[in-house]
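K.L.:
Take a look at the following structure, please.
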Amino acid sequence: MQVQFNSDSSVMGTENVAERIEAQVREKLARFADRLTRLEIHVRDENGSKGGTDDKACTIEARPRGGRAIGVTEHADKVDAAARKAASTLAQRLERHFGKEAKHSHDPRPEKAL
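The sequence shown begins at 23 in our numbering and counts up one residue at a time.
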């Protein structure tokens, strides 16, 4: 699974921040790693230097093998908290996605004998 990290200049996109957030997301989504081709993590400060509550946003987009992308966005006061919330929400959505896939990919029902 390839991970791509993007940030705007106001979030201090240093290696330390990128490594820390990537590690959090990888840990939370580890059980889906073999079924995903790529994760894209985008962090940003929506208010820039103005400040404010819940102005840090994290968007994570997961690309399942052979399927459409699934994305979530969460907001918080700190970038790490937004990333943690987004990873949790995405884990729930992937669980539901892969659960439905498994449920509907069963063998056809045998014909009833009368």
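Note that beta-carbon positions come from the ideal geometry of N, C-alpha and C, so glycine has one too.
(1) Can you check the region 49 to 129 for any alpha helix (DSSP H) of at least 4 residues that lies completely inside it and give the ranges in chain order?
(2) Here's the rule I'm using: 16 or more other beta-carbon atoms within 10 Å means buried, otherwise exposed. How should Arg66 be labelled?
(3) Exposed or buried, Ser29, counting other C-beta atoms within 10 Å across all chains shown (16 or more means buried)?
(4) So is Ala91 buried or exposed if we call it buried at 16+ other beta carbons inside 10 Å?
(5) Could you check where the beta strand (DSSP E) with Ser29 kicks off and where it finishes?
(6) Could you give the distance in angstroms between the alpha-carbon of Arg87 and the alpha-carbon of Leu61?
(7) With Ala104 and Ala98 assumed to form a contact (beta carbons below 8 Å), what rounded beta-carbon distance in angstroms separates them?
(8) Residues in its own chain within less than 6 Å of Gln26 by CB, not counting five upstream and five downstream?
P.N.:
Looking at the atomic coordinates:
(1) 101 to 126
(2) buried
(3) buried
(4) The C-beta of Ala91 has fewer than 16 other C-beta atoms within 10 Å across all chains shown, which makes the residue exposed.
(5) 24 to 29
(6) 12 Å
(7) 4 Å
(8) Glu62
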